[in-house]
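Take a look at the structure below.
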Ligand code: OGA
Ligand code: NI
C-alpha cells in the first residue's frame, strides 16, 4: 500500500474551508463521484495513525459472527429457549448477531434497500432540497453527508438520510416520495420485530419477556439510510469510522456488497452479507441498562471500489425527542458484587452528548460512568 499521500497535508490546509465548500454543494459524496473525480479530496484522508495503517491483516482462523435462526420462536418452547441462550451468548461477547427467518419477507427487505437507492439516485435538484444541517427537532427528515462534518477529525465516505418514525411519526408527505410507502411499511414491520427481539433480550437477562418494553426501550424508532458511493481510493479513507451505536438496539439491513466489520477479541471481523438476514447489535443504552452485561461493540464500514453500497439501520431510540424518563442499570441485575456502574440519564441527555462529541473513536458511555 502506498502511504505517501498525506500525513502532513492533513494538518497543513484549511480543512474548515474545504468542509464548508463540500457542504455547500448539497450533493454529498455522491456529487463528487458524479463529477468524475479519480482522486479523493483530502478532507476524506484518514490521518495515518498506527491503527489506520495497521488495518487488521492477521491471517488464520477468526471466529465468525453468530447467525441465529428464529424459525419456530413462537410455537416451540424448546426452540425458543435455545434461541434465547444464543442471543445471550452473542450479546455478552460480540454485542452483535445476525438473524434469519425473522418474519420480514425478502421482497420487503429488497424494496426497503431500493428505497435508499432511489432516494439517493433521484434528480439532484430535488434531492438537494432535503439537504440540511438543521437539527432533527426542527425538521423531521435530515439528509446530509457526515452528521458531524465540522466536529469530527475524519470525514467519512458516506451520505446519510435520517427519518425519526416514533414517538412522533412523520406525516407521509414529510418522507421523500422515492421511499415513502416502503419506509412506512418497513418501519411497522421492523417495529414488530424489534418488540420480539426486546422480548428475547429481556428473557436472556432472566427478566419477564415484556420488561424492556415496559421500561420504554421500544418507544423510539428512527430509520437511517446510508449510501456509500464507489470510492476511487478506498485505502485512503473510511465509509463509517469505528463507533458504537447511540440507541438500545439497532436492526441493520445491508446489501450484498459488504464492508461492515465488528471489533471482537481485539480483531476487526466481517459482518458478512447474508441474503434475507438482518443484523442486530446492542447500542450504548442497552449496555448502560444491563450494567455492561451486554456490550455495545465498536463497528465500522470500509470504503470500497465496489458500489454504491446501501444499508438501512433501524435505531431503537427516541433520539433528540425531548423525554424525561430516566434510564439506569436495571435493579434486578445488580448485586453487592455488581453495583451500578452508570448514573441514570435520559435518552435526550445521552443523545445530545453523543451528537456533540461526534464519532471520535471514544465511547460516549464513559461520560455516564460513576
Ligand atoms: C450505523 C452503522 C452500518 C452500515 O448506522 O450506525 O453502523 O452498514 N451502519 O451502514
Ligand atoms: Ni453503527
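Residue numbers (my numbering): 1094 to 1463.
Beta carbons: idealized from backbone N, C-alpha and C, even for Gly.
{"Asked": "Can you find at least 3 beta carbon pairs, one from the segment 1297-1305 and one from the segment 1269-1286, that sit closer than 8 Å?", "Found": "no"}
{"Asked": "I'd like the list of long-range same chain contacts for residue 1462, defined as Cβ closer than 7 Å, with 5 residues on each side in sequence excluded.", "Found": "1434 and 1435"}
{"Asked": "On a CA-only basis, which of 1107, 1282 and 1314 is nearest residue 1260? Give me that one, please.", "Found": "1314"}
{"Asked": "Is residue 1280 near ligand 1, in the sense that its beta carbon is under 6 Å from a heavy atom of that ligand?", "Found": "no"}
{"Asked": "Who are the Cβ neighbours of residue 1098 in its own chain at under 7 Å, not counting the five residues just before and after it?", "Found": "Because residue 1098 carries a pLDDT of 41, less than 50, the predicted location of this residue cannot be relied on, and the following value inherits that uncertainty. Excluding residues within five positions, the ones whose Cβ falls inside 7 Å are 1138 and 1329."}
{"Asked": "Name the DSSP bridge partner or partners of residue 1113?", "Found": "Paired residues: none, contrary to the question."}
{"Asked": "Can you tell me where the beta strand (DSSP E) holding residue 1288 begins and where it ends?", "Found": "Where residue 1288 is concerned, there is no enclosing beta strand (DSSP E), although the alpha helix (DSSP H) it sits in stretches over 1273-1297."}
{"Asked": "Relative to the C-alpha of residue 1321, which residue among 1128, 1213 and 1418 is closest?", "Found": "1213"}
{"Asked": "Does the separation of the CB atoms of residue 1408 and residue 1340 fall below 7 Å?", "Found": "yes"}
{"Asked": "What residue ranges within the segment 1218-1246 form continuous beta strand (DSSP E) runs of no fewer than 3 residues, ordered along the chain?", "Found": "1235-1237"}
{"Asked": "Do you know offhand how far residue 1186's Cα is from residue 1211's?", "Found": "37 Å"}
{"Asked": "If you measure from the CB of residue 1405, is any heavy atom of ligand 1 nearer than 6 Å?", "Found": "no"}
{"Asked": "Considering only residues of the same chain and omitting the five flanking positions on each side of residue 1094, which have a CB-CB separation below 7 Å?", "Found": "Unreliable positioning characterises residue 1094 in this predicted model, as indicated by a pLDDT of 33, which lies under 50. The coordinate reading is nonetheless provided below. Contacts found: 1328."}
{"Asked": "Hey, is residue 1241 close to ligand 2, as in C-beta under 6 Å from one of its heavy atoms?", "Found": "no"}
{"Asked": "How many Å lie between residue 1422 and residue 1442 at the Cα?", "Found": "16 Å"}
{"Asked": "Closer than 6 Å: is that where the CB of residue 1252 sits relative to any heavy atom of ligand 2?", "Found": "no"}
{"Asked": "How many angstroms separate the CA atom of residue 1401 from the CA atom of residue 1127?", "Found": "12 Å"}
{"Asked": "Given 6 Å as the limit, tell me if residue 1479 has its C-beta closer than that to any heavy atom belonging to ligand 2.", "Found": "This structure leaves residue 1479 out entirely; the chain is present only between 1094 and 1463."}
{"Asked": "Going by CA-CA distance only, name the one from 1457, 1411 and 1405 that's closest to residue 1205.", "Found": "1405"}
{"Asked": "Per DSSP, which one or two residues make a beta bridge with residue 1461?", "Found": "Residue 1461 pairs with nothing; no bridge assigned."}
{"Asked": "For the segment 1177-1222, which segments carrying the beta strand (DSSP E) assignment without a break, of at least 3 residues, lie completely within its bounds, in sequence order?", "Found": "1189-1193"}
{"Asked": "When you measure from the CB of residue 1338 to every non-hydrogen atom of ligand 1, does any distance come out below 6 Å?", "Found": "yes"}
{"Asked": "Taking 6 Å as the cut-off, is the beta-carbon of residue 1235 closer than that to any non-hydrogen atom of ligand 1?", "Found": "no"}
{"Asked": "For the alpha helix (DSSP H) containing residue 1304, list its first residue and its last residue.", "Found": "1304-1308"}
{"Asked": "To the nearest whole angstrom, what separates the beta carbons of residue 1357 and residue 1156, a pair I think is in contact under 8 Å?", "Found": "7 Å"}
{"Asked": "Cβ of residue 1391 within 7 Å of Cβ of residue 1337?", "Found": "yes"}
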